[in-house]
Structure formats: C-alpha cells, structure tokens
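Residue numbers (our numbering): 132 to 262.
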C-alpha cells in the first residue's frame, strides 16, 4: 500500500477533515503503540508499511510499560480528542495496519501485549470495507 492510499484510508475511516489530520492521527497512534512494543516487534510491524508510516513505530522509545487505559489516555492527549475518539482512532488504524500486513505480524503484536489491550484489536479480522 502506498503512503497516500494509507493516509487517505485513515482520513476516510476516521471521517477527518484533512489529510494533515489523518497523518497526525496515524503518527499519534503508531508512536504510542511503538512505545509499548519491544523494539524488534515495532520494527517487524513497521517493515511492510510505507516508510513514512513505519517510522512512527520505529522512532518511538520502545518497551515502555503502561496499561491500555494509559495508552488511550496518551493517544487522546496527543491527538487532542476525547478518550472515546482516541480508542476508536487506535482501533481503526490498527485494523488498517493489519490489513496491510502480509502475514501474522499483527497477531504477534497482539500476543506481546497484555490481555487488557484486546479492545485495540476489536476490528482486526472483521469484515473489511473494500476501498
């Protein structure tokens, strides 16, 4: 998937007004996820993504330990949105990343995170909307 396609799909799924807002949402979600993952797992998840998207995962200070509620709180604060919107942003972007992955990389991420992170993967594997 090309960078412009990925960002366009984020803009569409999150019903954002601009591509700039879609880039910010993507950066916030993936940077925060990258902070929670181990460095190797963040690199693996980033590798099939467009370079401009994957860097958000790669450049995060990895292996931080925080809960799912704190994950959502960080996303909300960084994105300037309510926590319910932040949780939805994260779910939608993780779903799009999963759709972009050629193999089971998203399942390895899922396995690395504590069970309390399951809401993050709510839409992964659900019937995808064709675009």
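C-beta atoms are modelled at their ideal positions from N, C-alpha and C, and glycine is treated no differently.
Worksheet item: Starting from residue 139 and walking both ways along the alpha helix (DSSP H), at which residues does that stretch end?
Response: 134-145
Worksheet entry | Nearest-angstrom Cα separation, counted from residue 237 out to residue 251 | 11 Å
Worksheet item: Is there contact between the region 135-142 and the region 222-235, where contact requires at least three CB pairs shorter than 8 Å?
Response: yes
Worksheet item: Using the C-alpha atoms, what's the distance from residue 134 back to residue 262?
Response: With a pLDDT of only 41 at residue 262, under the threshold of 50, the placement of this residue in the model should not be trusted; the figure read from the coordinates follows. Roughly 15 Å separates the two Cα atoms.
Worksheet entry | Neighbourhood of residue 159 by C-beta, 7 Å cutoff - its chain only, sequence neighbours within 5 removed | 206, 209 and 210
Fill in: 8 Å Cβ shell around residue 213 - same chain, five flanking residues per side excluded
207
Worksheet entry | As assigned by DSSP and simplified to three states, the class of residue 262 | Note that residue 262 has pLDDT 41, beneath the 50 cutoff, so the model's placement of it is unreliable and the number below is only indicative. Correct three-state label for residue 262: coil.
Worksheet entry | Cβ-based neighbour list, residue 204, same chain, cut-off 8 Å, excluding 5 preceding and 5 following | 214 and 217
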